[in-house]
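One point on numbering: in the working numbering, the residue at position 100 of the sequence shown is 405, and numbering is uninterrupted.
For every residue, glycine included, the Cβ atom is placed at its ideal position computed from N, Cα and C.
Please read the structure below before turning to the comments.
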Amino acid sequence: MLQINMTYNRPRVSNENPFIESFFGSMKGHVKYPRHFEGIEHSRTWFADFIDWYNNRHQHSGIGYVTPAQRHGGEDVVILRQRQKCLNKACEKFPERFVRGTRNLLNDRQVILHKQEKKEQEVA
(Lines of atoms letter the chains of each structure in order from A and count residues from 1; the text may use other names and numbers.)
(Lines give C-alpha, C1' and ligand atoms only; values in the text may rest on other atoms or scores of the structure.)
Protein backbone atom coordinates (compact mmCIF):
# COMPACT_ATOMS: atom_id res chain seq x y z
CA MET A 1 0.00 0.00 0.00
CA LEU A 2 1.00 3.66 -0.25
CA GLN A 3 1.18 4.21 3.53
CA ILE A 4 -0.69 7.52 3.33
CA ASN A 5 -2.99 8.47 6.18
CA MET A 6 -6.25 10.21 5.38
CA THR A 7 -7.03 13.24 7.54
CA TYR A 8 -10.06 15.45 7.90
CA ASN A 9 -10.63 19.02 8.99
CA ARG A 10 -11.23 19.42 12.69
CA PRO A 11 -14.89 19.77 13.65
CA ARG A 12 -16.09 23.37 14.07
CA VAL A 13 -12.82 24.82 12.74
CA SER A 14 -14.02 26.49 9.56
CA ASN A 15 -10.81 28.32 8.69
CA GLU A 16 -8.55 25.30 8.12
CA ASN A 17 -9.53 24.63 4.52
CA PRO A 18 -8.47 28.01 3.04
CA PHE A 19 -4.90 27.53 4.30
CA ILE A 20 -4.42 24.19 2.54
CA GLU A 21 -6.28 25.45 -0.55
CA SER A 22 -3.87 28.40 -0.79
CA PHE A 23 -0.87 26.10 -0.36
CA PHE A 24 -2.31 23.67 -2.93
CA GLY A 25 -2.72 26.54 -5.42
CA SER A 26 0.90 27.60 -4.89
CA MET A 27 2.03 24.02 -5.33
CA LYS A 28 0.00 23.32 -8.49
CA GLY A 29 1.03 26.66 -10.02
CA HIS A 30 4.72 26.02 -9.43
CA VAL A 31 6.76 25.91 -12.64
CA LYS A 32 8.30 22.55 -11.80
CA TYR A 33 5.06 20.79 -10.75
CA PRO A 34 5.08 17.45 -12.62
CA ARG A 35 2.13 16.42 -14.77
CA HIS A 36 2.15 13.11 -12.93
CA PHE A 37 4.25 11.31 -10.34
CA GLU A 38 6.06 8.11 -11.24
CA GLY A 39 5.47 6.64 -7.81
CA ILE A 40 5.35 7.36 -4.10
CA GLU A 41 9.11 8.00 -3.82
CA HIS A 42 9.01 10.48 -6.70
CA SER A 43 6.14 12.36 -5.02
CA ARG A 44 7.85 12.35 -1.61
CA THR A 45 11.08 13.70 -3.12
CA TRP A 46 9.25 16.36 -5.12
CA PHE A 47 7.21 17.51 -2.11
CA ALA A 48 10.25 17.64 0.17
CA ASP A 49 12.05 19.83 -2.39
CA PHE A 50 8.96 22.01 -2.89
CA ILE A 51 8.44 22.56 0.84
CA ASP A 52 12.12 23.45 1.25
CA TRP A 53 11.81 25.99 -1.59
CA TYR A 54 8.50 27.36 -0.24
CA ASN A 55 9.87 27.92 3.27
CA ASN A 56 13.50 28.87 2.57
CA ARG A 57 13.73 30.47 -0.87
CA HIS A 58 10.29 31.75 -1.93
CA GLN A 59 9.66 35.35 -0.88
CA HIS A 60 6.03 35.73 0.23
CA SER A 61 4.17 38.96 -0.52
CA GLY A 62 2.02 38.67 2.62
CA ILE A 63 5.06 38.93 4.90
CA GLY A 64 6.98 41.67 3.12
CA TYR A 65 8.73 39.59 0.46
CA VAL A 66 10.86 37.62 2.88
CA THR A 67 10.86 33.87 3.30
CA PRO A 68 8.90 32.19 6.09
CA ALA A 69 12.23 30.95 7.50
CA GLN A 70 13.57 34.52 7.63
CA ARG A 71 10.36 35.72 9.28
CA HIS A 72 10.33 32.87 11.80
CA GLY A 73 14.02 33.38 12.64
CA GLY A 74 13.68 37.15 13.06
CA GLU A 75 16.06 37.88 10.17
CA ASP A 76 13.28 39.78 8.39
CA VAL A 77 13.70 42.76 10.73
CA VAL A 78 17.22 43.47 9.42
CA ILE A 79 16.18 42.87 5.80
CA LEU A 80 13.10 45.10 6.04
CA ARG A 81 15.02 47.81 7.91
CA GLN A 82 17.57 47.90 5.05
CA ARG A 83 14.79 48.02 2.45
CA GLN A 84 13.11 50.84 4.38
CA LYS A 85 16.35 52.87 4.37
CA CYS A 86 16.67 52.33 0.63
CA LEU A 87 13.06 53.40 0.05
CA ASN A 88 13.50 56.50 2.19
CA LYS A 89 16.63 57.51 0.24
CA ALA A 90 14.81 57.00 -3.05
CA CYS A 91 11.91 59.10 -1.78
CA GLU A 92 14.28 61.93 -0.82
CA LYS A 93 16.10 61.76 -4.14
CA PHE A 94 13.00 61.39 -6.35
CA PRO A 95 10.00 62.83 -4.45
CA GLU A 96 7.96 63.03 -7.66
CA ARG A 97 7.91 59.22 -7.76
CA PHE A 98 6.54 58.95 -4.24
CA VAL A 99 3.65 61.44 -4.18
CA ARG A 100 1.88 59.45 -1.46
CA GLY A 101 5.06 58.75 0.49
CA THR A 102 6.53 55.33 1.12
CA ARG A 103 5.04 52.36 2.83
CA ASN A 104 6.39 51.65 6.31
CA LEU A 105 7.74 48.13 5.93
CA LEU A 106 8.56 47.81 9.62
CA ASN A 107 4.92 48.06 10.75
CA ASP A 108 3.95 44.77 9.12
CA ARG A 109 4.97 42.49 11.99
CA GLN A 110 1.48 41.07 12.50
CA VAL A 111 -0.13 39.19 9.64
CA ILE A 112 -3.88 38.65 9.81
CA LEU A 113 -5.15 36.05 7.37
CA HIS A 114 -8.86 36.66 7.83
CA LYS A 115 -9.41 40.30 8.81
CA GLN A 116 -13.18 40.00 8.78
CA GLU A 117 -13.16 36.98 11.10
CA LYS A 118 -10.78 38.85 13.43
CA LYS A 119 -13.30 41.71 13.72
CA GLU A 120 -16.12 39.25 14.36
CA GLN A 121 -14.08 37.59 17.13
CA GLU A 122 -13.42 40.96 18.79
CA VAL A 123 -17.17 41.71 18.84
CA ALA A 124 -18.03 38.32 20.38
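Nearest to residue i (by Cα), restricted to the options the options
i, options, result
"lysine 337", "Tyr359, Lys394, Glu380 and Ile368", "Tyr359"
"glycine 344", "Gln308, Arg362, Phe328 and Ser366", "Gln308"
"methionine 332", "Tyr313, Asp357, Arg388 and Asn310", "Asp357"
"glutamine 387", "Glu401, His335, Tyr370 and Thr312", "Tyr370"
Straight-line gap, residue i to residue j (C-alpha atoms, nearest Å)
i, j, result
"asparagine 322", "alanine 395", "41 Å"
"serine 366", "threonine 407", "17 Å"
"glutamate 380", "valine 404", "30 Å"
"glutamate 346", "phenylalanine 352", "10 Å"
"proline 339", "cysteine 391", "39 Å"
"glutamate 326", "glycine 378", "25 Å"
Supposed contact pair residue j and residue i - C-beta distance, whole angstroms, cut 8 Å
i, j, result
"phenylalanine 342", "serine 348", "4 Å"
Test item: CB-CB of residue i and residue j under 9 Å
i, j, result
"asparagine 409", "glutamine 389", "yes"
"threonine 372", "histidine 363", "yes"
Of all the alpha helix (DSSP H) runs that stay within the bounds of the segment 333–367, which reach a length of 4 or more residues? 345–361
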